[in-house]
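Quick note, the working numbering runs 2 ahead of the 1-based positions in the sequence shown.
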Amino acid sequence: MAKDVFVLGIDQSTQGTKGLLFDSLGNLVDKAILPHRQIINDLGFVEHDLNEIAQNVIEVTRQIVSKDKSRADLIETVGISVQRETVGAWRRSTLKPLYNAIVWQCARGIEQVSRKEVQSKAQRIREITGLELSEYFSAAKITWLVDHVAEVQDAIANHDLCVGNMDAFLIAYLTHGKCFSTEPSNASRTQLMDLRNLCWSEELCDLFKVPLEGLPVIKETDAMFGYTNFEGVLNREIPIHCVIGDSMGALFGHGCLKSGQVKTTYGTGSSIMMNSGDSVSACKKGIVNSVGWRREGKTTYVLEGNINYSAGIISYLKDDLKIINDPKETAAMAKASRESDRCYFVPALSGLGAPYFNSNVRGALLGMSRVTGNNEIVRAALDSIAYQVNDILALIRESTDEKLSALHVDGGATKNDYLMQFQSDLVGIPLYVPKEAELSGMGAAFMAGIAVGVYTEDILSGDKISSVYKPSMAQNIVMQKVEDWHKAVSAAITYGL
Numbered sequence: 003m004a005k006d007v008f009v010l011g012i013d014q015s016t017q018g019t020k021g022l023l024f025d026s027l028g029n030l031v032d033k034a035i036l037p038h039r040q041i042i043n044d045l046g047f048v049e050h051d052l053n054e055i056a057q058n059v060i061e062v063t064r065q066i067v068s069k070d071k072s073r074a075d076l077i078e079t080v081g082i083s084v085q086r087e088t089v090g091a092w093r094r095s096t097l098k099p100l101y102n103a104i105v106w107q108c109a110r111g112i113e114q115v116s117r118k119e120v121q122s123k124a125q126r127i128r129e130i131t132g133l134e135l136s137e138y139f140s141a142a143k144i145t146w147l148v149d150h151v152a153e154v155q156d157a158i159a160n161h162d163l164c165v166g167n168m169d170a171f172l173i174a175y176l177t178h179g180k181c182f183s184t185e186p187s188n189a190s191r192t193q194l195m196d197l198r199n200l201c202w203s204e205e206l207c208d209l210f211k212v213p214l215e216g217l218p219v220i221k222e223t224d225a226m227f228g229y230t231n232f233e234g235v236l237n238r239e240i241p242i243h244c245v246i247g248d249s250m251g252a253l254f255g256h257g258c259l260k261s262g263q264v265k266t267t268y269g270t271g272s273s274i275m276m277n278s279g280d281s282v283s284a285c286k287k288g289i290v291n292s293v294g295w296r297r298e299g300k301t302t303y304v305l306e307g308n309i310n311y312s313a314g315i316i317s318y319l320k321d322d323l324k325i326i327n328d329p330k331e332t333a334a335m336a337k338a339s340r341e342s343d344r345c346y347f348v349p350a351l352s353g354l355g356a357p358y359f360n361s362n363v364r365g366a367l368l369g370m371s372r373v374t375g376n377n378e379i380v381r382a383a384l385d386s387i388a389y390q391v392n393d394i395l396a397l398i399r400e401s402t403d404e405k406l407s408a409l410h411v412d413g414g415a416t417k418n419d420y421l422m423q424f425q426s427d428l429v430g431i432p433l434y435v436p437k438e439a440e441l442s443g444m445g446a447a448f449m450a451g452i453a454v455g456v457y458t459e460d461i462l463s464g465d466k467i468s469s470v471y472k473p474s475m476a477q478n479i480v481m482q483k484v485e486d487w488h489k490a491v492s493a494a495i496t497y498g499l
C-alpha cells in the first residue's frame, strides 16, 4: 500500500478525546486533543455530556485534517478506543441523549448492587460475567437511569431506547443511527454479557431492569461498524473497522498477543491486565475476567484489576489541593522528600476498586509528622499508584501459572521517572516504557488497519521500547513498605465503616 495512506485512531478517554493519525508504516504523524467537562455534583456523582464528546470526536478529526487538506482523501479507516463502563442512554429515533453519560468512576449504582435480590446473586453474576458484583460496572448505572430518569422510562414505553457504553453511542452517532453495535471487550464490562457465549444474559438484564431490546448488537472487535465521514470533515465515508475498550486497546498496542503478557495503563484510573489466552481463567477474588478482543472467530480473554484513582490523584493534587502547579513537578518533589517521612496516601476519593471493591472507603492521609510537607504528600500520592498496581499484580500472580517477566506500561504517568522506578522496585520485574505513549488509540488504529490491509500483524512486533526500569530496592525494604501500605488501607477502611 502507498506510503501516503493513513489510518485514524480515536481515543475517547475519561478526561478528553484524542485524534491520532498514523501513516502506512505505523508512525504517529499528527494528533489533536480536546478535553471535556467533568460534571460532578454535591453527591459526588460523575457525568459527561454525550453531545460534547461527540462533537469533540468530530473536532479532533477536523483539526488533524485541516493541517493538510490532502488527508481528507487519504484516510482509509478508523479505529476507536473508549473509556469503559461509562454508560449513556439516547433515543433510537433521533439519537438525542436522554441524560448525561454516567462515568465509570461514579458510585451512584451502590443502591442497586446493595439490594438483597442482587446481593443474593453475586456468585451467579460472577459465573456468568466473570466480574465481581459492583456499581463500578455499567449494569447498576443503567438500573439507576431506568429508575430515576423519566425520559428513559418514556423511551422504554415507546420502544425507542438505546442504552450502551461510549462505544455504542459513538458508533450510532458517527453512522447517523445506521449501526447500533458494540463488541466483546466493552460488552464484557457491562456486567450483562455472558462471558463464554458472548451474548447478553436475559437473566441479568431482568435482574438489573435492563430492556434487552435497548442493548446494542455484539459484533467482533475488528468488525465493520458502518461508515462515517465525520460530519463532512472527510471527502468520503470510511469504514469504522475496530472499536475496543481503551485498556484492551493498549494491551493490543503493546503487542501482548501471547498468554501471560501483562501491561498497566496509567490513566485517570489504572487497568492492570494480563492476556490469559483463549479460555476463561479461575482467578482470585479482587481481579476479574473480561474479553480482550475477538478477531477472526477467536476470542482472547484477559485477567484484570482496576484502580479508581491512579494518575487522577495527581489532578486532585493540582486542581483541588493546589499543592502543585503542573504534574511535571511531581517527580522532582518526590525525589526531594525526606526519606524518614512515613506518610501514606490512600486515594479512595470515590471508594476503592480492585482488589478491595469497597465504595464506602474515603481518602485518607496517614502517618503525618512535623516533617510532612508538600513534597512528602506528593511522594505519598505517587507511591499510592504503585502500591495499588502491586496489589493487583500480586493477585494475578496467584491466579496463574504464568511467570511474569516484564510489565509493559503506558499512559501519561510513564513520563514520571520516580513513579516508574518505584513501581519496578515494588513488582520486582523490569518495566518497559514504549516510545509511543498513545497505546489505546494506537491499538485501535492498528487493529482497524490490519482489518483493511493497510498493516499486517508485524506492525505490533517492531522495536517500540523507549526505556527500561529495573528493580533496585532491597527486598526487605520493599516488604516493609508494602506492609505499612496495607496497614494504611486497613485504617482507611475501618474509618469508612
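The C-beta atom is built at its ideal place from N, Cα and C for all residues, glycine as well.
Assuming the contact rule is C-beta atoms closer than 8 Å, residue i and residue j should be a hit. Round their C-beta distance to whole Å, please.
i: residue 353; j: residue 310; result: 6 Å
i: residue 290; j: residue 303; result: Not a contact, Cβ separation roughly 11 Å.
i: residue 501; j: residue 196; result: Look at the range of the chain in this structure, 3 to 499, and you will see that residue 501 is not part of it.
i: residue 315; j: residue 357; result: With a Cβ gap of about 18 Å, residue 315 and residue 357 do not count as contacting.
i: residue 96; j: residue 139; result: With 8 Å as the limit, residue 96 and residue 139 do not qualify as a contact, their Cβ atoms being about 28 Å apart.
i: residue 429; j: residue 409; result: 6 Å
i: residue 255; j: residue 442; result: 7 Å
i: residue 475; j: residue 412; result: No, residue 475 and residue 412 are not in contact; Cβ-Cβ is about 23 Å, not under 8 Å.
Using a 10 Å radius around the Cβ and a threshold of 16 neighbouring Cβ atoms, would you call residue i buried or exposed?
i: residue 323; result: exposed
i: residue 288; result: buried
i: residue 6; result: exposed
i: residue 52; result: buried
Where DSSP assigns a beta bridge to residue i, which residues make up the other side?
i: residue 195; result: 202
i: residue 1; result: In the structure as shown, the chain begins at 3 and stops at 499. Residue 1 is therefore absent and cannot be evaluated.
i: residue 89; result: 104, 167
i: residue 348; result: 366
i: residue 246; result: 83
i: residue 277; result: 304
i: residue 33; result: 22
i: residue 272; result: 268, 309
i: residue 434; result: 410, 470
i: residue 360; result: 354
i: residue 184; result: 220
i: residue 8; result: 25, 77
i: residue 240; result: 230
i: residue 418; result: In DSSP, residue 418 forms no bridge with anything.
Please identify the residue among the options whose C-alpha is closest to the C-alpha of residue i.
i: residue 63; options: 27, 351, 409, 79; result: 79
i: residue 420; options: 431, 384, 413; result: 384
i: residue 487; options: 130, 387, 212, 475; result: 387
i: residue 334; options: 86, 377, 229, 178; result: 377
i: residue 136; options: 179, 115, 22; result: 115
i: residue 189; options: 207, 180, 92; result: 207
i: residue 77; options: 172, 390, 451, 55; result: 451
i: residue 416; options: 430, 437, 408, 399; result: 437
i: residue 175; options: 391, 43, 54; result: 54
i: residue 22; options: 38, 168, 446, 455; result: 446
i: residue 345; options: 372, 363, 212; result: 372
i: residue 435; options: 252, 57, 8; result: 252
i: residue 329; options: 58, 212, 418, 82; result: 418
i: residue 90; options: 497, 163, 128; result: 163
i: residue 401; options: 104, 233, 426, 305; result: 305
i: residue 146; options: 110, 177, 129, 170; result: 110
i: residue 469; options: 490, 432, 440; result: 432
i: residue 59; options: 104, 265, 82; result: 82
Does residue i have its Cβ less than 8 Å from a Cβ in chain D?
i: residue 140; result: No chain D is present in this structure, which holds just one protein chain.
Any 3 or more C-beta pairs closer than 8 Å across the segment 173-193 and the segment 214-230: Segments in contact, yes.
Touch test, the segment 152-171 against the segment 20-30, Cβ-Cβ under 8 Å, three pairs minimum: Not touching, per the Cβ criterion.
Cβ contact (3+ pairs, closer than 8 Å) linking the segment 265-281 and the segment 210-217: At 8 Å Cβ cutoff, the stretches do not touch.
Inter-stretch contact (C-beta, 8 Å, three-pair minimum) for the segment 110-125 and the segment 340-349: no
Touch test, the segment 449-463 against the segment 228-243, Cβ-Cβ under 8 Å, three pairs minimum: yes
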